[in-house]
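Below is one structure, written out as structure tokens; the observations come after it.
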Amino acid sequence: MNIAPLILDDRARGVFRVHRSTMTSEDMLALERERIFSRAWLYVGHESELAEPGAYRRRSVGGRPLVFVRGADSVIRVLHNTCPHRGAIVCRQDAGVAKTFQCFYHAWTFDNRGQLVGVPDEAAYAPGFDRSERSLQPVARHDSYRGFHFVCFDRDAGALGDYLAGAREILDLVVDQSLDGRMQVVSGEQRYSIRANWKLLAENSIDGYHAAPVHRTYLAYLQGTGAMRPGETVVTGRARALGNGHAVIEYRAPWGRPVARWAPTFGEVARGEIEAIRAELRSRYGDERAERIADWNRNLLIFPNLVVNDIMAVTLRTFSPIGAAEMDVTAWEIAPGEESGERLARRLHSFLEFLGPGGFATPDDVEALDSCQIGFAADGVEWSDISRGMAREPRPDDELQMRSFWREWHARMTGTRRSDWSDGRFAA
Ligand code: FES
Ligand SMILES: [Fe+2]
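In this note's numbering, the protein residues as written are 31 to 458.
As structure tokens, then:
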């Protein structure tokens, strides 16, 4: 398959187009599994999900079943969830705390570090049967940044820190809103699927252009609360390419932020508490950084499939293709580690209200993505246009952030290297 001509990137003319076969072809997806999902660093889970020795979460990352587990020695590991005997899934619960995992097929037993510790009728094997060669296998690479754990199935990939590039600074802003310097995943997760190509959600998660038309019910609701004046814009800010296909939009918006920006939707009773946190952030970080943490929204995409939306609450979202035209999505709410009680309840409300599966935003976004995929089947138009803002300082409602994603996608799919993901003329 010749990938090179599937993206038109003409910086001189300000034109960027993506061929729609990139989003409809099963052959393309097979190649993406090989060249992207088997080689890039992929998010697996957050350290707060494994609070005690033996705590585990079953995960599927890049199409591979995994176990994310804290061993009795307190070390966090990521193991392939397949029995070294004849293949069955060993961990069959989504979450829990376990000293051991027993494969249900022939009852081989592994401890929570992955070591094989029990084999029924072991005497049936030849002398020299080595349990250590039949343990659950760790993934090729595993590392973390400020509590966020990632895996990579390519032994030769570069270090996680280098991979994250400029995204580290944005993750720092997210984590530093915790006065304890640590975030927690709030218990529970949202799972849904969308009948659309996975890359459409990468685009949508950092797309400021669609906010006004698609989320007009939410904006009308904000106007009703007095948080927003009619005609007010939500797109004051900027877009940046962060390297390696990661990108962020940063902007001020009329909704509140549970940590340090009060808005009417939180209720009058929350005002004093939120302002106290703001004052603490200011004394710790100075006015400028405190304001960036407290007042600015961030939609961050870490290539290829992790989104951190630090907006009216902080949402962590990953998505995986299950076909060229379908994906699974998992979303979590994360909060400062010290947050509890009323504060946490306000945050959860804010999260569910906008980004929950029945909230103001998600059903509308899902509809938009479904609609694009159906539109691709209409045929007659070969290319999608992602040129907006190519000849000006990039704004959140422009499309630089998507071009950055597609430039990395193209480099990986064609086996070339890139050192610049911006539009060139306006290095962001
Ligand atoms: S496949 Fe797991 S014990 Fe046989
Ligand atoms: Fe949206």
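Each residue gets a CB set at the ideal place from its N, CA and C atoms; glycine is no exception. These numbers come from a predicted model, not from an experiment.
Residue state for residue 36 is assigned as helix, using DSSP reduced to three classes.
Relative to residue 337, the option among 445, 255, 376 and 236 whose CA is nearest is 236. For the set 330, 385 and 302, the Cα lying nearest the Cα of residue 343 is the one of 385.
Here the C-alpha atom of residue 251 lies approximately 14 Å from the C-alpha atom of residue 296.
When the Cα atoms are used, residue 115 and residue 146 turn out to be separated by approximately 10 Å. Counting the other Cβ atoms within 10 Å of the Cβ of residue 305 gives fewer than 16, which makes it exposed. The beta carbons of residue 359 and residue 221 sit about 7 Å from each other, so the pair counts as a contact at 8 Å. Rounded to the nearest angstrom, the gap between the Cα atoms of residue 448 and residue 61 is 19 Å.
Any heavy atom of ligand 1 counts here; residues with a Cβ closer than 7 Å to one of them, in chain order, are 113, 115, 116, 117, 118, 120, 133, 135, 136, 137 and 138. Fully enclosed alpha helix (DSSP H) runs of no fewer than 4 residues occupy 392-407 and 430-444 of the stretch 372-445, in order along the chain. Taking 7 Å as the cut-off, the beta carbon of residue 257 is found closer than this to the beta carbon of residue 284. A heavy atom of ligand 2 is found nearer than 6 Å to the CB of residue 391.
Not one heavy atom of ligand 2 falls within 6 Å of the beta-carbon of residue 340.
When DSSP assignments are scanned along the stretch 226-306, the uninterrupted stretches of alpha helix (DSSP H) that are 4 or more residues long and fall wholly within it turn out to be 228-235, 241-244 and 246-255. Scanning the stretch 86-152 from its first residue to its last, the whole beta strand (DSSP E) runs of 3-plus residues come out as 94-100, 106-110, 125-127, 130-132, 139-141 and 146-148. Residues of the same chain with a CB within less than 6 Å of the CB of residue 189, apart from the 5 flanking positions on each side, do not exist. Here residue 360 carries a strand assignment [DSSP, helix/strand/coil]. In the DSSP assignment, residue 213 falls within the unbroken beta strand (DSSP E) covering 213-215. Contact between the stretch 361-369 and the stretch 204-215 is present: 3 or more CB-CB pairs across the two stretches fall below 8 Å. Residue 431 sits close to residue 269, with the two beta carbons spaced by under 7 Å.
Under the three-state reduction of DSSP output, residue 365 falls in the strand class. By the neighbour-count criterion, in which a residue is buried when 16 or more other Cβ atoms sit within 10 angstroms of its Cβ, residue 52 is buried.
With contacts defined as CB atoms closer than 7 Å, residue 328 and residue 317 fail to qualify as a contacting pair.
By the Cβ test, the stretch 57-74 is not in contact with the stretch 153-165, since fewer than three Cβ pairs between them sit closer than 8 Å.
Taking the Cβ of residue 395 as the reference point, at least one heavy atom of ligand 2 falls within a distance shorter than 6 Å.
Straight through space, the alpha carbons of residue 152 and residue 333 are spaced by roughly 46 Å.
Annotated three-state conformation of residue 155 is coil, per DSSP. Contact between the stretch 123-134 and the stretch 63-70 is absent, with fewer than three C-beta pairs closer than 8 Å.
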